[in-house]
Amino acid sequence: MYHEKQDAGLCGVHALNNLLQGAYFTEIDLMEIAHQLDSKETTLMAESGLDTSDYLKFAAEDSSNVGLDGNFSIDVLKDALGRLNLSVVPLLHPSMRQVQEQPTLENAFLCNLQSHWFAIRKIGNSYWNLNSLYKTPNQLGELYLGIFLKQLQVEGYSIFVVTGPLPHPSPPSSDSQWWVYVPAAQKQHQASGQLSEEEQLRLALAESIQAEDDQLSAAISASLQQPPPPQQAKTAPLIVLQDNQPPINTSLVLLQDDEEETELSEAIRLSLQKQ
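Here's what the structure looks like:
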């Protein structure tokens, strides 16, 4: 499988090529796309006037499509993939509701946190985390994929679903330095000290259970610290039963019921002591 490793701030380039499984784009290609998008944005902003405060503010800002460190925006990556008839949709978009519940309905994802991009793609029967910061691709089982994506969201990652016909992995060529064979990748992954899929799943489940236990303990602790609610006197209005009969004070009735309950409880206690 094809796995480019991190070089400077070109993770956007690596993410695309790792997702596409081949050397499809260079930093020059993405830079040209970024400049084209910048030009379109400038033209759009200029329509309201070159001397407006909005345009002057826009012109004074750096490009929103490529940073000084070489980091490319989602619009650049989306434009690049669009040239291969692939679409990029945020995982949290309403149209992706089924994918949110069952990520295995799709085969490829782009993940972003601040200035780092990486790709996840299904190759063969397995999903692979093709993060360019890793020494080797990280295999993800279908069960763990959903947990992994949710964990990324908790950590603040933005996740995008890549839809459309993905190209088949191209055979190794002059860029063979980025090709790794699956058995070798699995062995290197284990030797690198990274957690196996089962260990990752076990850890994720353990953390989830621990979080629920902590929340329950906090709720119990909070309830114990709260003073009991004040008892309200059992009072009620007078009730007139029939004509020519005195009204009944229900407060006295309630008091009598309480006395009877107390006597009954005392009788039960004495009975138990005799046994």
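Numbering-wise (UniProt numbering), the sequence shown opens with residue 1 and increments by one. Think of the CB as a built atom: it goes at the ideal place given N, C-alpha and C, for glycine as much as any other residue.
{"Item": "Inter-residue CB distance, Ser132 and Lys40 (contact presumed, cutoff 8 Å)", "Value": "Between Lys40 and Ser132 the Cβ distance is about 29 Å, and since that is not below 8 Å, they are no contact."}
{"Item": "Sequence-distant residues of the same chain with beta carbon closer than 6 Å to Gln102, five excluded per side", "Value": "none"}
{"Item": "Under the three-state DSSP convention, the category Ser126 falls into", "Value": "strand"}
{"Item": "Straight-line Cα distance separating Thr52 from Tyr2", "Value": "48 Å"}
{"Item": "Supposed close pair Phe160, Pro90 - CB separation, criterion 8 Å", "Value": "6 Å"}
{"Item": "Environment of Asn125 [buried if 16+ CB atoms lie within 10 Å]", "Value": "exposed"}
{"Item": "Straight-line Cα distance separating Gln100 from Met31", "Value": "32 Å"}
{"Item": "Beta-carbon gap between Glu155 and Leu113 smaller than 8 Å", "Value": "yes"}
{"Item": "Integer Cβ distance of Leu81 from Leu16, believed to fall under 8 Å", "Value": "7 Å"}
{"Item": "Boundaries of the beta strand (DSSP E) in which Phe148 is found, first to last residue", "Value": "First-last for Phe148: Glu142 to Val154, but that is the alpha helix (DSSP H), not the beta strand (DSSP E)."}
{"Item": "Pro237 - DSSP class collapsed to helix/strand/coil", "Value": "For Pro237, the pLDDT reaches just 48, beneath the cut-off of 50, and the residue's location in the model is therefore unreliable, although a value from the coordinates is still provided. Residue state, collapsed to three classes: coil."}
{"Item": "Residue from Pro167, Thr42, Leu20 and Asn129 whose Cα sits closest to the Cα of Val77", "Value": "According to the sequence shown, residue 77 is Leu rather than Val. Among Pro167, Thr42, Leu20 and Asn129, the Cα nearest to that of Leu77 belongs to Leu20."}
{"Item": "CA nearest to the CA of Ala34, picked from Lys122, Asp7, Gly12 and Leu145", "Value": "Gly12"}
{"Item": "Rounded Cβ spacing between Asp79 and Leu37 (contact assumed at less than 8 Å)", "Value": "7 Å"}
{"Item": "Inter-residue spacing [alpha-carbon to alpha-carbon] between Gly67 and His116", "Value": "12 Å"}
{"Item": "N-terminal and C-terminal residue of the beta strand (DSSP E) that Asn112 is part of", "Value": "Ala108 to Leu113"}
{"Item": "N-terminal and C-terminal residue of the beta strand (DSSP E) that Val161 is part of", "Value": "Ser158 to Thr163"}
{"Item": "Identified DSSP bridge partners for Asn138", "Value": "Asn129"}
{"Item": "Residue interval of the beta strand (DSSP E) (run including Val89)", "Value": "Ser87 to Pro90"}
{"Item": "CB contact check: Val13 to chain B, cutoff 8 Å", "Value": "Although the question refers to chain B, the structure presented lacks it and comprises just one protein chain."}
{"Item": "Three-state secondary structure assigned by DSSP to Ile33", "Value": "helix"}
{"Item": "Residues that His116 bridges to, as DSSP identifies them", "Value": "Leu113"}
{"Item": "Distance between beta carbons of Tyr127 and Glu142, contact taken as under 8 Å", "Value": "7 Å"}
{"Item": "Close beta carbons around Trp178, own chain, < 7 Å, minus the five adjacent residues each side", "Value": "Tyr2, His3 and Glu4"}
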